[in-house]
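Step one of this worksheet: look at the structure below.
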C-alpha cells in the first residue's frame, strides 16, 4: 500500500525545499564576500551539517581571538546585505566573545 503525504507534510516539504534553495543561493555570495575581505569564518549548525529545515538560518562564526572594530563593521555590512537580498537570517557570532571551550562546543553543534 502506497503512503501519501498529508497536505501539511507537503507544505512543510515545499517550505523546506524553498529554504534550502534560498540558503544555497546566498551562501556562496556570503562566503565569497567574507573571503575577499580577508575575514576568517566558520559556518556551523544545520547548514554545515546539511540538515536544513523550513526554519533554518545561517550560523556564522567570525574567527579570531582579537577582532577589530573595522572587521566587525565590514562583517555587519556584508551580512546585512546578504540578509536584505535573501531574507535568510544570519546568526552572527565572534570567536573573541567566547572561551576556547565554548567555541569548540558551539562549532560542534549540527542543529
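Numbering (our numbering), first residue to last: 404 to 514.
Yeah, the Cβ is synthetic: ideal placement off N, Cα and C, and Gly gets one too.
All figures in this text were calculated on a predicted structure; none of them were measured in a lab.
Comparing alpha carbon positions, the residue from 469, 426, 442 and 501 closest to residue 454 is 426. Residue 422 has its alpha-carbon roughly 30 Å from the corresponding atom of residue 499.
Taken through DSSP and simplified to helix, strand or coil, residue 461 comes out as strand.
The distance from the Cβ of residue 482 to that of residue 493 is about 5 Å, consistent with a contact at the 8 Å cut-off.
With a beta-carbon spacing of about 6 Å, residue 466 and residue 444 fall inside the 8 Å limit used to define contacts. Residue 430 and residue 408 have their alpha carbons spaced roughly 30 Å apart. DSSP places residue 417 within a helical segment (H, G or I) once states are collapsed to three.
CA-to-CA, the gap between residue 484 and residue 451 works out to about 21 Å. The three-state reading of DSSP puts residue 445 in strand, counting E and B together. In the three-state reduction of the DSSP assignment, residue 455 falls in the coil class, being assigned neither a helical nor a strand state. Taken in chain order, the stretch 476-500 contains no complete alpha helix (DSSP H) segment of 4 residues or longer.
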